[in-house]
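What follows is a short report on a single structure.
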Amino acid sequence: MTRSKKGRDKDEQVGDDLLAGIKVETTEEVEVPELLIDQVIGQDHGVEVIKKAANQRRHVMLIGTPGTGKSMLANSMAELLPKEELQDILTYPNAEDKNNPKIRIVPRGKGKEIVDAQRQEVKKRVQIRNIFFMFISFLIIGMGVIYALQTTPPSIIYVFWSIIAAAVVMLVFKWIMPREESMIPKLLVSNAESEIAPFVDATGSHSGALLGDVRHDPYQSGGLETPAHDRVEAGALHKAHKGVLFLDELNTLKIEAQQSLLTAMQEKKYSITGQSERSAGAMVKTDPVPCDFIMVAAGNLDAMAGIHPALRSRIKGYGYEIYMKDTMDDTLENREKIVRFISQEVKKDKKIPHFNRTGIEEILREARRRSGRKGHLTLTLRDLGGLVRVAGDIARAEGAKYTTGRHVINAKAMAKSVEQQVADEYLEQKKDYKLFVTEGFEIGRVNGLAVIGDSGVMLPILAEATPAQSREEGRVIATGRLQEISQEAVQNVSAVFKKFTGKDISRKDIHIQFVGTHEGVEGDSASISVATAVISSLENIPVDQSIAMTGSLSVRGDILPVGGITAKIEAAVQAGVKKVLIPQSNLNDVLIEDRYKNKVTIIPLATIEDVLEHALVGKMKKKFIEKIRKFTMIEKIIPDGVLDKQIIP
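Numbering (the numbering used here), first residue to last: 17 to 665.
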């Protein structure tokens, strides 16, 4: 792999010895903090805010990429809440209105004692009543037996009628006597076993599970009905009383549920009623049930649009919003945090061996690579933790004492994401059908690069100029299920090839085809590929097919940075490409694996002229390059020191 001298110097400043300054030999030696908040990696701002929010009982919204520690921060908040007296919540029958159960609040642990005491009392009363019933029954049957023996001859018919009479008396007594069991209160929320504030994860809960519900009673008469207070079920927000209610992907909640949640946050109490209008529980509504919780909501950036404006305003007005970072600086301190993260994952899993220095080094290298930025380490630690576990599984299967670098490298091949597997399959299919070419020269054909998820793919782009279908003007026609940003990028590119070809293309239609993009194309990273393909077609100059390229393009011809540069380069190498053209500003983001470094030449470029200089071939190339240079923008220093730009005529 070749780079500019400037790029190499910057690499040397960062340093290639990932283990420099790290003194541990294995992750066994690394101590894992006891508090969950101290185990959070790289989110220093988030940790500070969570501590403040817990101390002051404020609501928090966490926004960021999945796997950056949102759930962990929310869990840690319950440990940090000030020690308060937790409470149990009981529901009692209402003698005046059976559909309006009463609510009682008692200190933690007292609720179970009250229910047990009343259950024992009712049990004793029922036992006494049953003994009385049995006495009456035996008395009636005994009288029947005595009367039968006094008749001549003795008749069993009297015994039979006495048994029937005893049964009737028992049924009558049971009918008229009150049901003692229905008077026992129900323990709605119990914190008897809790030493810290409750943490309730209500992610994905439907309305009943979140707000509470009243179960349907199929037997509503005849003495078989279940008392209303026994059918009341607490919701997640009631169980989170004096604790933390965690809601991931808050935007997936229905607007009605979000409105109810807002009411509960404002009033700190919320009545429980049946959530289904077809249920018998819809007629039941309890007294307000306390729900003084701290809400920690989480979601991706796109979740903001689906959150009720009043609910978000409540969180902002009475709490904090935190954006979770995706990367952190590649420093010794942060590398040590990644080492601690490996130790945490191993100890949490309890089934995989610890990592030695070579294993640690490979994980650090992967953390740097997955960040996508030079001088940074990834904070998408859930995915990195998956790699740790797969590498540990491989080491355990081999019976190794420690997980080594070889195990991590094997794990990367084994634990590919779905996107990577799809990209590999896509690559094989395209090779079989020769949908992309990596050798020779062709007019109007360019090997572009794209990403699917976190994996790169080759994206062949074809261009052709034809007579215009309309007499009024020519058009740029792009196919391949282009999304909004891609369509705008194609329009921007049209300004570039109109400028640099200098031709009147008003009588031509420019057709641009993105080959094999059944899933659609989004983004502007194929801009330089489109421009090169169109210019090649208009000028009839071949393009070197051993080159792939990626980069955005301004309307003035400057090459702008793009994302996923490492994955794109690796995809190009796998496809057999020898050179890759990338934006100059992306050079320091290139973190390809060692096995690819000697297989490809990476060429950083600043303008579209540089791209054409490297991509075009043939006899007409030199003449065309000389022609476009007269359009090149230059900087001229004028006497007062102000930079002025002018076009060389």
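Each residue gets a CB set at the ideal place from its N, CA and C atoms; glycine is no exception.
Since we're looking at a predicted model, the values are computed, not measured.
Between Lys285 and the set Asp308, Leu278, Lys301, Glu272, the nearest pair of CA atoms involves Asp308. Nearest in C-alpha terms to Val142, of all of Asp574, Glu197, Ser295, is Glu197. Note that the C-beta distance between Met340 and Gly85 is below 8 Å.
A distance below 8 Å between beta-carbons, with the five flanking residues on each side excluded, links Arg422 to the following residues of its chain, in chain order: Thr374.
Rounded to the nearest angstrom, the gap between the Cα atoms of Ala208 and Ile121 is 13 Å. Taking a 10 Å sphere around the C-beta of Leu187, we find fewer than 16 other C-beta atoms and assign the residue as exposed. If you ignore the 5 residues before and after Met199, its C-beta comes within less than 8 Å of the C-beta of Pro109, Gln134, Val138, all in its own chain and listed in chain order. Using a 10 angstroms sphere on the CB of Pro325, the tally of other CB atoms stays under 16, which defines it as exposed. In terms of Cβ geometry, Ser541 and Thr566 form a close pair [threshold 8 Å].
The Cβ atoms of Ser87 and Val56 lie no closer than 8 Å to each other. Ranked by how close their Cα comes to the Cα of Ala252, the residues Leu266, His232, Leu227 have Leu227 in first place.
Between the region 377-393 and the region 577-589 there are three or more C-beta pairs closer than 8 Å, enough to call the two in contact. Excluding the 5 residues flanking it on each side, Phe215 has same chain C-beta neighbours closer than 7 Å at Asn91, Ala94, Gly259, Val260, Phe262, in chain order.
Note that the C-beta distance between Glu377 and Leu607 is not below 8 Å.
By the 16-neighbour rule on beta-carbons within 10 angstroms, Arg461 is buried. By the C-beta density criterion, Glu64 is exposed, having fewer than 16 other C-beta atoms within 10 angstroms.
For Thr43, DSSP assigns no beta-bridge partner whatsoever.
Annotated three-state conformation of Met159 is helix, per DSSP. Per DSSP, reduced to three states, the secondary structure at Ile425 is helical. In this structure, the beta-carbon distance from Ile641 to His630 does not fall below 8 Å.
Within the same chain, Thr107, Tyr108, Pro109, Asn110, Ala244, His245, Val248, Val300, Thr302, Asp303 come within 8 Å of Pro117 by CB-CB distance, once the 5 residues on both sides are set aside. Counting along the chain, the unbroken alpha helix (DSSP H) around His630 starts and ends at 624-631. Runs of the beta strand (DSSP E) lying entirely within the region 44-116 and spanning at least 3 residues, in chain order: 75-79, 103-108.
Close CB contacts of Ile585 within its chain, under the 6 Å cut and outside five residues either way in sequence, are with Val596, Ile608 (chain order). Of the residues assessed, Phe148 falls on the exposed side of the cut-off, its CB having fewer than 16 other CB atoms within 10 angstroms.
By DSSP's assignment, Leu35 forms no beta bridge with any residue. Counted as a single uninterrupted DSSP element, the alpha helix (DSSP H) harbouring Asp409 occupies residues 397-414. Here Glu455 has Gln561, Ser562 as same chain residues with Cβ atoms under 7 Å from its own Cβ, once five neighbours each way along the sequence are excluded. Sorting Glu414, Asp574, His61 by C-alpha distance to the C-alpha of Val512 places Asp574 at the top.
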